[in-house]
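First comes the structure, then the notes that go with it.
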Amino acid sequence: MPIPHRPPTIESPSFLARFPFLPQGDKWLKELLSDNNINLDSLIEGEWVEPIRIRGMQRMLESIKLDEGVDSTTRQDIHEPYGQMVEGLGFYYAMIVVCASFDERLVKRWVEGEASRADKILGELTDSETFDTVARTYLSDIRIKTQEASSGSIHASRPSKIIFEIPMVDFIEISPRITGHYWNLVNRPTRDGWVTISEASGENSQQRLARLIKERIREVLVDRCKHNMNNMDDEFAAKFADPVGKMVAELQLQKSQEIEITAVHQGDWPPCMTSAITDLSQGENVNHAGRRFLANMSRALALSIDQAQSFFVNAPDYNEETTRYQLGHLYEGEYTPEKCQTLKMAARCPVDQGLVTDRLCQFEWLTHPLKYVRAKQRRRSREENYATAEGDQTPSIASQTNSEDNNS
């Protein structure tokens, strides 16, 4: 891993308060505890430490509710000692609570929130020296070149643009975790072992590089949490039972709401899809063909990658980053979901296996799961139209099915 063995020295407390996750901040956080006479008991129960706990809970809640966005602004004046203490130890408190939960879902969600916050801050930074320091903390090297901006007039001024370049070894290690054609090495300008991080997708070079750095921050924080949990005994973790319980409950609530979103018109989904989702949710191992089909089907039904990923979280071999990468690859490829015959050969058709009964699947014209969805949608549309028409009664399922047989 080409992370610098000796990251840049940071002396400014306000700098560390803004980026408390930096490895250079470890010593500073310990000094904050010592200088303010804060021990474990006072951190948990001390009245005057309440603002620290509140800030820590805010950071955790923002991470859990990540879809609502993270706040890149600090809540305190980080140029004053009190604000530095609240921001720094607020992060420290949040990390301890998350680790004390021993809940991998909560850890990953918190890490994602912190990494996203860093991405947003770095992308918005106007202080080039600050950006350079953070970048050199997580990358083996960076260099900057200026590029003259294009102009429609020969008389108009052409302000130069900053373009970042990073070593190829860093790009090769980090970029596979990010989806999108931009992040494929073959699509990036390279020269003498350096990769140009050019602007794209409405983002400038700095914002693109911030996206790469986000992945490194995520990686370092995950390792840090694993280290903390390996060195945390049950007695220590039990002291944080109250905030842990609140955060786990909030995470479960958030997850249930996400599941409700994906369940819209779930009755239209074919049994091969619902079977794969059920098996995964129960921790059963679904074969490669079944997983690929579920991903392709999710894309075809316009489900987001986040929604598709939620189907896999209970898989016995689930890895968030790997799943995200594989889903991104399939979504970008826009592959057509596998047809019924292919699913039968792969043992992923529950009707063919006799596990479920579905009359719609028995028709000869039903040769693809998407035909099942369209038939269900037509049926639902007719039922809704009949329900709103005066004097009309909803036709029987049998008559609807026969009609679908004739029209499909």
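Its first residue numbered 178, the sequence shown is counted upward by one per residue in the numbering used here.
Positions of the beta carbon are idealized from the N, C-alpha and C atoms, including for glycine.
These numbers were taken from a predicted model, which means no experiment stands behind them.
TODO: Figure out for me which residue from MET424, HIS506 and PHE470 has the closest Cα to the Cα of LEU547.
DONE: PHE470
Open item on the list: Under 8 Å: do the segment 266-280 and the segment 205-220 share three or more Cβ pairs, one atom per stretch?
Closed with: yes
TODO: May I have a chain-ordered list of the beta strand (DSSP E) segments no shorter than 3 residues that lie completely inside the segment 255-341?
DONE: 320-325
Task: C-beta contact flag for GLY367 and PRO184 at 8 Å - done: The displayed chain sequence assigns Thr, not Gly, to residue 367. It is not a contact, given that the beta carbons lie outside the stated cut-off.
Open item on the list: Is the beta carbon of ALA492 closer than 8 Å to that of LEU504?
Closed with: no
TODO: Specify, as a first and last residue, the run of the alpha helix (DSSP H) that ILE394 falls within.
DONE: 382-407
- [ ] In the DSSP assignment, find the unbroken beta strand (DSSP E) run with THR373 in it and report its ends.
- [x] 371-374
Task: Exposure of LYS204, with buried meaning 16 or more beta-carbon neighbours within 10 Å - done: exposed
Open item on the list: By the three-class DSSP mapping on this structure, what secondary structure does VAL441 have?
Closed with: Low confidence applies here, because VAL441 scores a pLDDT of 45, under 50, leaving its location unreliable; read the following figure in that light. Reduced to three states, the DSSP call for VAL441 is coil.
Task: Residues that ILE343 bridges to, as DSSP identifies them - done: VAL372
Task: Classification of ARG320 by the beta-carbon crowding that lies within 10 angstroms, buried from 16 upward - done: exposed
Open item on the list: Which of the three DSSP states is assigned to ALA523 in this structure?
Closed with: coil
Task: Closest Cα partner of GLY379 within the set ASN405, MET409 and GLY300 - done: GLY300
- [ ] Pull up the distance between the alpha-carbon of ALA415 and that of ARG395, whole angstroms please.
- [x] 26 Å
Open item on the list: According to DSSP, is THR499 part of a helix, a strand, or is it coil?
Closed with: helix
- [ ] For THR367, name the three-state secondary structure that DSSP assigns.
- [x] strand
Open item on the list: Using a 10 Å radius around the Cβ and a threshold of 16 neighbouring Cβ atoms, would you call PRO190 buried or exposed?
Closed with: buried
Task: Separation of VAL274 from LEU193, as counted between CA atoms - done: 21 Å
Open item on the list: Using 8 Å as the threshold, is the C-beta distance between GLU402 and CYS276 below it?
Closed with: Position check: residue 402 holds Cys in this sequence, whereas Glu was assumed. It is a contact, given that the beta carbons lie within the stated cut-off.
Task: Check whether PHE417 and LEU457 have beta carbons under 8 Å apart - done: no
Open item on the list: If we require 4 or more residues per run, which alpha helix (DSSP H) segments fall completely within the segment 464-493?
Closed with: 465-477 and 482-487
Task: Cβ neighbours of SER240 in the same chain (closer than 6 Å, five flanking residues each side left out) - done: ARG286, TRP287 and GLY290
TODO: Look at the alpha carbon of ILE187 and the alpha carbon of GLN201, and state the distance between them as a whole number of angstroms.
DONE: 7 Å
Task: Beta-carbon gap between PRO353 and ASP318 smaller than 8 Å - done: no
Open item on the list: Residues in the same chain with beta-carbon distance under 6 Å from VAL463, minus the five sequence neighbours each way, listed in chain order, please.
Closed with: ALA453, ASP456 and LEU457
Task: Alpha-carbon to alpha-carbon, HIS465 and ASP304 - done: 47 Å
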